[in-house]
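One structure is given below, encoded as structure tokens.
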Amino acid sequence: MTSEAIDVQAVHDYLLALQDQICAALGAQEPTERFATDEWRREEGGGGRSRVLEAGEVLEKAGVNFSHITGESMPAAATRRRPELAGRGFRAMGVSLVIHPRNPMVPTSHANVRFFVAGEDSDDPVWWFGGGFDLTPYYPFDEDILHWHRTARAACAPFGDEVYPRFKRWCDDYFYLPHRGETRGVGGLFFDDLNAWGFERSFAFMRSVGDHYVPAYLPIVERCCGLPWGERERDFQLWRRGRYAEFNLVYDRGTRFGLESGGRTESILMSLPPRVSWRYNWSPPAGSREAGLADYLRPRAWLEELADTAT
Numbered sequence: 111m112t113s114e115a116i117d118v119q120a121v122h123d124y125l126l127a128l129q130d131q132i133c134a135a136l137g138a139q140e141p142t143e144r145f146a147t148d149e150w151r152r153e154e155g156g157g158g159r160s161r162v163l164e165a166g167e168v169l170e171k172a173g174v175n176f177s178h179i180t181g182e183s184m185p186a187a188a189t190r191r192r193p194e195l196a197g198r199g200f201r202a203m204g205v206s207l208v209i210h211p212r213n214p215m216v217p218t219s220h221a222n223v224r225f226f227v228a229g230e231d232s233d234d235p236v237w238w239f240g241g242g243f244d245l246t247p248y249y250p251f252d253e254d255i256l257h258w259h260r261t262a263r264a265a266c267a268p269f270g271d272e273v274y275p276r277f278k279r280w281c282d283d284y285f286y287l288p289h290r291g292e293t294r295g296v297g298g299l300f301f302d303d304l305n306a307w308g309f310e311r312s313f314a315f316m317r318s319v320g321d322h323y324v325p326a327y328l329p330i331v332e333r334c335c336g337l338p339w340g341e342r343e344r345d346f347q348l349w350r351r352g353r354y355a356e357f358n359l360v361y362d363r364g365t366r367f368g369l370e371s372g373g374r375t376e377s378i379l380m381s382l383p384p385r386v387s388w389r390y391n392w393s394p395p396a397g398s399r400e401a402g403l404a405d406y407l408r409p410r411a412w413l414e415e416l417a418d419t420a421t
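Under this note's numbering, read the sequence shown as residues 111 to 421, first letter to last.
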């Protein structure tokens, strides 16, 4: 890591603007409901701005959170991987969002961009960027997956040809449920501990990922939100949302970090779906469209496999 100066204020300003941009783009799809804004502070230091839309016609639940917290020592969720940071003061800021559409034909999506610095006032501060975005369809369409991954590749392209394959693979590995033997969805990008490029280039990459989320997701929402669905599709959506909840509660680093750092519980658990179901020992009937989802819940080279389906 370089000794290049870091610009915390620039990161802060970008993240707040990104939250506004994403809420404006997604909120425009909703004919009635609007994002409610909830500003909060925490005793330990810092606070945030949560923006949540519920019970919409298109977005059943959408949360876009900005947080900027400080603390006197790194929580266990961070020091498990970086034990050398134990006892250091820290600053963490980021935008994290989860969108749960009402129509089962529209995938759930998640995005996150974040910045950490430990020992900011010391002679050797340790900082890094992280984030990414991923897509969780219930009834997948190849053209949507191709568009999603093409946009992810475009976000990475200015930073080298090897970046998209590397962070695509990391996303496949991270958003994986070992107890189910399946990925959470069809992947996207995931990166963490990014500082080897220096502050300016690392920050530019984080911005590129953040700025490509709306172009990746919004066309899918617009294409799929009017597709027909009924009780069968709704039941399957609720069952699959259970897997989403399992990952967030059992494996997600961000959830653990937020809770262990004394973060605001309401904002941290905002990612959970508004309605969900679990069924004992059930799986979709063999040969059904629902059973076909299983073929999408494994790492695949989407851009190569789906290239022939492009129009």
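Just so you know, even glycine gets a beta-carbon here, dropped at the ideal spot from N, CA and C.
For the alpha helix (DSSP H) that contains residue 352, what are its first and last residues? 341 to 360
Endpoints, beta strand (DSSP E) assigned at residue 228: 218 to 228
Beta carbon of residue 216, beta carbon of residue 331: below 8 Å? yes
Have a look at residue 248 and residue 218 and give me their C-alpha separation to the nearest angstrom. 8 Å
When 275, 269, 381 are compared against residue 308, the one with the closest alpha-carbon: 269
For residue 261, tell me which candidate among 224, 299, 279 has the shortest Cα-Cα distance. 299
Per-residue DSSP class, three states only, for residue 386: coil
Rounded to whole angstroms, what's the CA-CA distance from residue 274 to residue 259? Just pull it up for me. 9 Å
With burial defined as no fewer than 16 other Cβ atoms inside 10 Å of the residue's Cβ, what is the status of residue 395: buried or exposed? exposed
As assigned by DSSP and simplified to three states, the class of residue 146: strand
What residue range is occupied by the uninterrupted alpha helix (DSSP H) comprising residue 115? Where residue 115 is concerned, there is no enclosing alpha helix (DSSP H), given that its DSSP letter is neither H nor E.
How would you call residue 429, buried or exposed, if buried means at least 16 neighbouring beta carbons within 10 angstroms? The question about residue 429 has no answer, for the chain in this structure spans 111 to 421.
Spatial neighbours of residue 352 within its chain, please: C-beta separation below 8 Å, excluding the five flanking residues on both sides. 386, 387, 388
Pairwise C-alpha distance: residue 182 and residue 412: 43 Å
Could you give the DSSP three-state label for residue 124: helix, strand or coil? helix
Contact check, residue 168 vs residue 212, beta carbons under 8 Å: yes
Roughly how many angstroms separate the alpha carbons of residue 111 and residue 235, rounded to a whole number? Bear in mind that a pLDDT of 42 at residue 111, under 50, signals an unreliable position, so the number given afterwards is only what the model happens to contain. The alpha-carbon atoms of residue 111 and residue 235 are separated by roughly 10 Å.
Classification of residue 390 by the beta-carbon crowding that lies within 10 angstroms, buried from 16 upward: exposed
Express the C-alpha separation of residue 281 and residue 263 in angstroms, rounding to a whole number. 13 Å
Alpha-carbon to alpha-carbon, residue 138 and residue 179: 30 Å
Collapsed DSSP secondary structure at residue 332 in the structure displayed: helix
Per-residue burial, residue 227 [other beta carbons within 10 Å of its own, 16 or more giving buried]: buried
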